[in-house]
Amino acid sequence: MKYVVALDQGTTSSRAVVFDEHGGIAAAYNLEFTQHYPHLGWVEHRPEDILDSQLRALKLAVDKAGIDVADIAAIGITNQRETTLLWERETGRPLANAIVWQCRRTAPLVERLKADGLGALLRDRTGLVPDAYFSGTKLQWLLDTIPGARARAERGELCFGTVDSFLVWNLCKNHPHVTDATNAARTMLFDIHRQCWDPELLRAMNIPASLMPEVVDSSHVVGMLRRNILGREIPVAALAGDQHAALFGQGCLLPGDCKNTYGTGCFVLMNTGDAPVRSQNDLLTTIAWRLDGKPVYALEGSVFMGGAAVQWLRDEMGLIRTAAESEAVARSVPDNGGAFFVPAFTGLGAPHWDMYSRGTIVGLTRGTGRAHIVRAALEAIAYQSADVIRAMSADAGARAETLRVDGGASANNFLMQFQSDILNIDVLRPQVIETTALGAAMLAGRAVGLWTDRDIAALPQSDRRFQPRMDAERRDALLHQWQRAIARSRDWAREG
Ligand code: ADP
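So for the sequence shown, this note's numbering puts the first residue at -15; every next one is plus one.
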């Protein structure tokens, strides 16, 4: 039996998953690490924590699987995206903590880019909307604030990287300085059409080109794991951002294929094939993956409050004891009793885009009870996701045939059935819910010839299919009410 190990370096934990050659999980290990919040709105990770936790998770997962290291055919890396690191080329010493994607410190730099009229160019070249979330201004900030850093960068003494880059540099023999096209596509510095770092954007953010890693395919041997880690050199054969790996791991290999990850927020990605689709709804255009030099594109949209709304019911309202209990509570009533919950705690994202929306519950009557509110919260996760998916289908000019799902809240059968009802399409939940890790493993196994494209298409196996059962009249009535509820939540936080 051969194995592929996926390293899943996430925002709160580092995970390693050992897959056998049938795509089954032989062992997994997870290690959390500390989040640092040095100022309001700032988020950092210690680079040493990222590296140590990932290395330990790798060793412990391989130990737990009890396999011979010689049988590991390849290692694939998938990672939290956009998080920005800067280190010395000579010694590997990081110059600062990693600036995490959530960190808002560079919002003023983004405002300056917009004021300089770069918004449209940035949108055209990178497929992104200008935001502090992406790596570009984070790197600019590091170069602006670390004394001497820009001069050193100009002399070629420093390396920039996202987490994939940083891991490869540290884990592989001879320190390759690379990133893959999916991670590059989240920097706000990469031209997704021409597949290169964009000189104008580098200049606009005052970033010397010598800092930038070489951009490689997502399924590609980038280096050999150093022998002292597992006692043997092993090819590191895949790099992909977490959402991109999940799309691959869900088997969304054809244009129109679409997945939604139901975690704290929800992340929807749709494969749009070899043509980048420009969104009319401010969705992001991104690279799904790059294989054999050819990029496949995707549209991406997210819901800010997904499972977090359930957490809020549990932790702040005390309406449920566990997130899982929400399913039985929602089912204890035949419908929402007319109550609609818009969890716009931090505003609304695509396709509504209103940063002044706030959380709203409408339609309360004397008969509304706890179960109706819980049900309305779960329904809201499905409505918000449906709004993103509809906008995506309109942009891509193709209706999603099925929706593949993963993430913590996809375990909720009520939610999945309601999602299917409200979208009027089948919802498919895979057997291996670790789709991010599976995707990284599939990309790596492909690169070393363990799996052909045909094997890969057969790897993700569905556990359960939810089929729409709601009649059209009822669906239309509910969607109409949802849109009215959205309208009520709008503009609340605007001054005056
Ligand atoms: P993340 O990776 O964003 O931390 P996870 O994929 O681990 O998220 O999912 C956790 C989220 O899913 C939490 O917000 C939690 O409230 C929600 N959740 C977990 N299980 C359920 C469930 N059975 N029903 C509804 N929501 C759930």
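Quick reminder that beta carbons are idealized off the backbone N, C-alpha and C, glycines included. Note that the coordinates shown come from a computational prediction; the quantities given were computed from them, not determined experimentally.
- prompt: With C-beta atoms as the reference, is LEU407 less than 8 Å away from LEU387?
  reply: Yes, Cβ-Cβ distance for LEU407 and LEU387 is below 8 Å.
- prompt: Hey, out of HIS336, LEU123 and HIS159, whose CA is closest to LEU185's CA?
  reply: Nearest C-alpha to LEU185 among HIS336, LEU123 and HIS159: LEU123.
- prompt: Are there 16 or more other CB atoms within 10 angstroms of the CB of THR110, so buried, or fewer, so exposed?
  reply: Per the 10 Å Cβ criterion, buried.
field: Nearest-angstrom beta carbon gap, ALA424 and GLY(-8) [assumed within contact, 8 Å]
entry: Note that residue -8 is Asp in the sequence shown here, rather than Gly. Indeed, because the Cβ distance is near 7 Å, the residues count as touching under 8 Å.
- request: Return helix, strand or coil for TRP466, following the three-state DSSP convention.
  value: TRP466 falls in the helix class under three-state DSSP.
- request: Please confirm if the segment 287 to 302 is in contact with the segment 326 to 336, defined as three or more CB-CB distances below 8 Å between the two stretches.
  value: By the criterion of at least three beta-carbon pairs nearer than 8 Å, the segment 287 to 302 is in contact with the segment 326 to 336.
- request: Note down the Cα distance separating GLY321 from GLU309, rounded to an integer number of angstroms.
  value: Computed Cα separation, rounded: 19 Å.
message: Does CYS498 pass the burial test, meaning 16 or more other C-beta atoms within 10 Å, or should it be called exposed?
response: Nothing can be reported for residue 498: it is not among the residues displayed for the chain, which extend from -15 to 480.
message: Quick check on VAL27: does DSSP put it in helix, strand or coil?
response: Under the three-state reduction of DSSP, VAL27 is assigned to coil, being neither helix nor strand.
query: Along the chain, which unbroken stretches of the beta strand (DSSP E) at least 3 residues long are found entirely within the segment 166 to 254?
result: For the segment 166 to 254, whole beta strand (DSSP E) runs of length 3 or above, ordered along the chain, are 198 to 200, 203 to 208, 219 to 225 and 242 to 246.
query: Is the segment 389 to 397 touching the segment 235 to 252, taking contact as three or more C-beta pairs under 8 Å?
result: At 8 Å Cβ cutoff, the stretches touch.
query: Assuming SER202 contacts ARG170 under a Cβ cut-off of 8 Å, what Cβ separation, rounded to an integer in Å, is found between them?
result: That pair is no contact at about 13 Å.
Where the alpha helix (DSSP H) through GLN401 begins and ends: Secondary structure note for GLN401: its alpha helix (DSSP H) is the uninterrupted segment 397 to 407.
- prompt: Between ASN255 and ASP379, which are expected to be in contact by the criterion C-beta below 8 Å, what is the C-beta distance as a whole number of angstroms?
  reply: Actually they do not touch by this definition, with Cβ atoms about 13 Å apart.
field: Distance between MET400 and GLN247 (C-alpha atoms, nearest Å)
entry: Residue identity differs from the one stated: residue 247 is Gly in this sequence, not Gln. Taking the straight line joining both Cα atoms gives about 13 Å.
task: Please determine, among ASP36, ASP55, GLY351 and THR163, the residue with the shortest C-alpha to C-alpha distance to LYS(-14).
output: Comparing Cα positions, the closest option is ASP55.
- prompt: Name the DSSP bridge partner or partners of THR344?
  reply: Residue pairing by DSSP puts THR344 in a beta bridge opposite VAL326.
Cutoff 8 Å; reference LYS157; Cβ partners in own chain excluding five residues on either side: So the qualifying residues of the chain are GLY207, MET208, LEU209, ARG210, ARG211 and GLU217.
- prompt: Just to confirm, are ASP405 and ARG453 a CB contact at a threshold of 8 Å?
  reply: Yes, the Cβ-Cβ distance between ASP405 and ARG453 is below 8 Å.
query: Any chance the CB of GLU311 is under 7 Å from a heavy atom of the ligand ADP?
result: Yes, the ligand ADP has a heavy atom inside 7 Å of this Cβ.
field: Any 3 or more C-beta pairs closer than 8 Å across the segment 142 to 158 and the segment 58 to 70
entry: Touching, yes.
query: What three-state label does DSSP hand GLY302 in the structure shown?
result: Looking at GLY302 - three-state DSSP - the assignment turns out to be coil, as it is neither helix nor strand.
- request: Taking only runs that begin and end inside the segment 57 to 103, name each unbroken beta strand (DSSP E) of 3 or more residues, in chain order.
  value: Counting only runs of 3 or more, we get 69 to 72.
- prompt: In terms of residues, what are the limits of the beta strand (DSSP E) holding TRP125?
  reply: In the DSSP annotation of this structure, TRP125 is not part of any beta strand (DSSP E); the continuous alpha helix (DSSP H) holding it starts and ends at 119 to 129.
query: Expressed to the nearest angstrom, what Euclidean distance is found between the alpha-carbon atoms of VAL46 and ASP33?
result: If you draw a straight line from the Cα of VAL46 to the Cα of ASP33, it comes to about 20 Å.
- prompt: Whose C-alpha, out of SER341, ARG359 and GLY351, is nearest the C-alpha of ALA471?
  reply: Of the listed residues, the one whose Cα sits closest to ALA471 is SER341.
- prompt: Can the beta-carbon of PRO197 be found closer than 8 Å to that of HIS161?
  reply: Yes, these two residues count as a Cβ contact at 8 Å.
- request: Within its chain, find whatever has a CB closer than 6 Å to the CB of TRP435; leave out the 5 residues flanking it on each side and keep chain order.
  value: Take TRP435, set aside five residues on each side of it, and the residues of its chain with a beta-carbon closer than 6 Å to its own are GLY429, in chain order.
message: Using 8 Å as the threshold, is the C-beta distance between VAL558 and GLU284 below it?
response: The structure shown has nothing for residue 558, since the chain only spans -15 to 480.
query: Can you find a heavy atom of the ligand ADP that lies under 7 Å from the Cβ of ASN396?
result: At least one heavy atom of the ligand ADP is nearer than 7 Å to the Cβ of ASN396, so yes.
query: Cα separation between GLU300 and ALA293?
result: So the two alpha carbons sit approximately 10 Å from each other.
- prompt: Hey, quick one: how far does the beta strand (DSSP E) through SER(-2) stretch, first residue to last?
  reply: Element bounds for SER(-2): -3 to 4.
message: Quick check: what's the CA-CA separation for VAL432 versus VAL(-12)?
response: Computed Cα separation, rounded: 10 Å.
query: By how many angstroms is the C-alpha of THR352 removed from the C-alpha of VAL1?
result: Each residue's alpha carbon lies about 45 Å from the other.
- request: Under the assumption that ALA323 contacts ILE345 (Cβ atoms under 8 Å), give the Cβ distance between them as a whole number of angstroms.
  value: Contact between ALA323 and ILE345 holds: CB atoms are separated by about 6 Å, below the 8 Å threshold.
message: Taking 7 Å as the limit between beta carbons, can you name the residues of its chain near ARG77, skipping five residues before and five after?
response: Cβ within range, chain order: TRP71.
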